[in-house]
Amino acid sequence: MDGLKDGLYEKVISQKLDQKLKEALDRKEVWATVSDKVDPQEAVGYLSDYIRKLVHLCLKDLADQNGDSLLQQELSLTNGLVHYLAEKSPELATGNQVDREDFLLLELQHRLNQVQEVHRPRPATSLSRSFLFTNSQKDVSMVSELRREIASSDRIDFLVSFIKFSGLTLILPYLRTFTAAGGHLRILTTTYMGATDPKAIEILSQLPNTEVRISYNVKETRLHAKAYLFQRNSGYSTAYVGSSNLSHAAIADGLEWNMKVTQQDMPEIMAKMNATFETYWHSKDFQPYTEEDLPQLKEAIHQQRYQGTEKGKEITYSFTIRPYPYQQVILDALEVERRERHRYHNLIVAATGTGKNGHFGF
């Protein structure tokens, strides 16, 4: 059948396509087709994508014509569709017409509690359409784009297997400015393969409004993900997911592929990425890093780098055991009873599953 090859599809059957399928079946050119009804909620995605493609083709045809007032024709078509949709949905009845030629809002700043105008450099790639970075010479530079993303974000989350000092230096000034201005930075990383530079972690942990959590048990955690999430209060959040850890080669000149995902065109994907990050963040596999943990970090990285090369040394795994807040309250009360009141026979009553044996050691 012309234009369609054998294989799997998720294609809306229009009248034109339906007629072609019937004719092909009659001619025995096609011996079988499989179609299915779709749940009304699931149909929303398929049909809205179908309409979007048709509208895109029509607007593109208008834009490709010669003549004046092409933008006005595009706006007229858009408003005609809005008017028709408003007849079907009361929520669209008023206020959804597009009247301005400069219809694309690029930035907004409130004056409330703001002493001076804040300049936010825009990323070179779109905030509403996804983009693939390949680090080719003709491509947009990922490291320069990360810098712009940092400078225009409200909150940032990094999820990377390892962090090299060489990579951190490329974006460190921008992270300093971001966190100093009140931006919140969270970082999840590991000691996998001993690739992380302790110096990089030490510097990051000293930034204001910054939290770092590390997985030391890399055999069980096995974190290989590389993702950079840039949250914006405007709803135009973006994320980079792909092959690049935070190293010079990965984000500057290596042959790495990374997909920029936007909240506007892939809201479900962004929501899943955010939810997964939160799951990791609150997992016991990732331990909060503080200055006191630097010796532990160095030892864990050393073991990963040289495991199997030093004879007579056993590979050990170190963990920082920290009580949950509700457990800390009990431990503090116990300390008062024992040290201040010299009462050593104490009874703790707690629900099943709250870690009486594992954390209190009874």
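Numbers given in the numbering used here equal positions in the sequence shown, counted from 1, plus 455. Positions of the beta carbon are idealized from the N, C-alpha and C atoms, including for glycine. Bear in mind that the values here come from a model prediction, so they are computed numbers and not experimental data.
For the 8 Å CB-CB criterion, TYR695 and TYR683 form a contact. DSSP places MET597 in the uninterrupted alpha helix (DSSP H) bounded by 597-606. Under the DSSP assignment, MET725 falls in the alpha helix (DSSP H) whose first and last residues are 722-736. For ASN664, the closest C-alpha among the options GLN474, ARG641, LEU601 and LEU502 is that of ARG641.
The closest CA to that of PRO576, considering only GLN592, GLU556 and LEU601, is found on LEU601. Sequence-distant partners of LEU532 (beyond 5 residues in either direction) whose C-beta falls short of 6 Å from its own C-beta are missing from its chain. Between GLN759 and PRO653, the alpha-carbon positions lie close to 13 Å from each other. A residue is called buried once 16 or more other Cβ atoms fall within 10 Å of its Cβ, and PHE558, having fewer, is exposed. The region 709-724 makes no contact with the region 743-760, as fewer than three CB pairs between them are under 8 Å. Annotation for PHE620: the continuous alpha helix (DSSP H) segment containing it runs 620-635. GLU711 counts as buried, since at least 16 other C-beta atoms from the protein chains shown sit within 10 angstroms of its C-beta. Exclusion of the five residues before and after THR676 leaves THR645, SER670 and ASP740 as the residues of its chain whose Cβ lies within less than 7 Å of its Cβ. Using a C-beta cut-off of 8 Å, the region 619-628 makes contact with the region 702-709, since at least three inter-stretch Cβ pairs fall below that distance. SER660 counts as buried, since no fewer than 16 other beta carbons sit within 10 angstroms of its beta carbon.
DSSP places ILE468 in the coil class of the three-state scheme, outside both helix and strand. Burial check for GLY638: the Cβ neighbour count within 10 Å reaches 16 or more, so the residue is buried.
By the criterion of a C-beta distance shorter than 8 Å, MET597 is surrounded in its chain by PHE588, ASN590, TYR695, SER699, ILE706, ALA707, GLU711 and ASN713, once the five residues flanking it on both sides are discounted. The Cβ-Cβ distance between ALA606 and PHE633 falls below 8 Å. Bounds of the alpha helix (DSSP H) holding SER660 are 653-660.
Here ASN801 is not near GLU790, since their CB atoms are 8 Å or more apart. In the assembly as shown, GLN552 is an exposed residue. Its beta-carbon has fewer than 16 other beta-carbons within 10 Å.
Around the C-beta of LEU560, fewer than 16 other C-beta atoms lie within 10 Å, and the residue is accordingly described as exposed. For GLN718, DSSP assigns no beta-bridge partner whatsoever. Comparing alpha-carbon positions, the option among LEU463, GLY697, GLU746 and LYS483 lying closest to VAL489 turns out to be LEU463.
Exclusion of the five residues before and after LEU526 leaves GLU556 as the residues of its chain whose Cβ lies within less than 8 Å of its Cβ. Secondary structure of LEU480 (DSSP, three-state): helix.
C-alpha of VAL493 to C-alpha of LEU502: approximately 10 Å in a straight line. When ASN729, ARG603 and GLU746 are compared, the shortest CA-CA separation from GLU657 is found for GLU746. Taking the C-beta atoms as reference points, GLU546 is found no nearer than 8 Å to PRO578. Of the candidates ALA548, GLY522, SER583 and LYS466, the residue whose Cα lies closest to the Cα of VAL716 is SER583. The continuous alpha helix (DSSP H) containing VAL510 extends over residues 495-518.
Counting only residues of its own chain and dropping the five nearest sequence neighbours on each side, ASP594 has a CB closer than 8 Å to the CB of PHE588. In the structure shown, TYR695 adopts extended strand secondary structure according to DSSP, grouped into three states.
In this structure, LEU678 keeps its C-beta atom at 8 Å or more from the C-beta atom of ARG631.
The continuous alpha helix (DSSP H) containing ARG760 extends over residues 749-761.
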